[in-house]
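*Asks:* The structure is given below, and queries will be raised subsequently.
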Amino acid sequence: MVSALWRVHVDPRRCIGSGICAGAAPDHFVLVADASVALAELIEPSQEVTDAAESCPMEAITVRDALDDRQISPGRDGRL
Numbered sequence: 008m009v010s011a012l013w014r015v016h017v018d019p020r021r022c023i024g025s026g027i028c029a030g031a032a033p034d035h036f037v038l039v040a041d042a043s044v045a046l047a048e049l050i051e052p053s054q055e056v057t058d059a060a061e062s063c064p065m066e067a068i069t070v071r072d073a074l075d076d077r078q079i080s081p082g083r084d085g086r087l
């Protein structure tokens, strides 16, 4: 069962500031000082966010179920 909320995290040690995430999900990510920042830690499930996480060349973005901490993305097919 997927929770009504997901937790989004960008690892600043892994992010290289490619901007792919901000392009894929502009309502969820911005570039600040050459690194990506999630605009909100808790979000409603979003295909754009899983696309961004799956597209990150450094796998710096993780998306987890806020209820049970199960990893949503990356690591599966990226579909809701």
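Add 7 to a position in the sequence shown, counting from 1, and you land on the number used in the working numbering.
Every residue, glycine too, gets a C-beta built ideally from N, C-alpha and C.
Pick from Ala67, Glu55, Val56, His35: whose alpha carbon is nearest that of Cys22?
*Replies:* Answer by Cα proximity: Ala67.
*Asks:* Can you list, in chain order, the residues of its chain with a C-beta nearer than 8 angstroms to that of His35? Leave out the 5 residues immediately preceding and following it.
*Replies:* Only Val15, Cys28, Ala45, Leu46, Ala47, Ile50, Ser53, Glu55, Val56, Ala59 meet the Cβ criterion.
*Asks:* Have a look at Pro81, Leu74, Pro19 and flag the residue whose alpha-carbon is nearest the alpha-carbon of Leu12.
*Replies:* The option with the nearest alpha carbon to Leu12 is Leu74.
*Asks:* For Gly82, which option in Asp72, Ser25, Asp76, Glu61 has the closest C-alpha, if you only look at C-alpha atoms?
*Replies:* When only C-alpha atoms are compared, the closest one is Glu61.
*Asks:* In its own chain, which residues sit with a C-beta less than 6 angstroms from the C-beta of Ser2, not counting the 5 before and 5 after it?
*Replies:* As shown, the chain starts at 8 and ends at 87. That puts residue 2 outside it, with no answer to give.
*Asks:* Where Pro19 and Asp41 are concerned, what is the direct C-alpha to C-alpha distance, given to the nearest angstrom?
*Replies:* Going by the C-alpha atoms only, they are around 10 angstroms apart.
*Asks:* Which word fits Val70, buried or exposed, when buried means at least 16 other C-beta atoms lie within 10 angstroms of its C-beta?
*Replies:* Burial call: buried.
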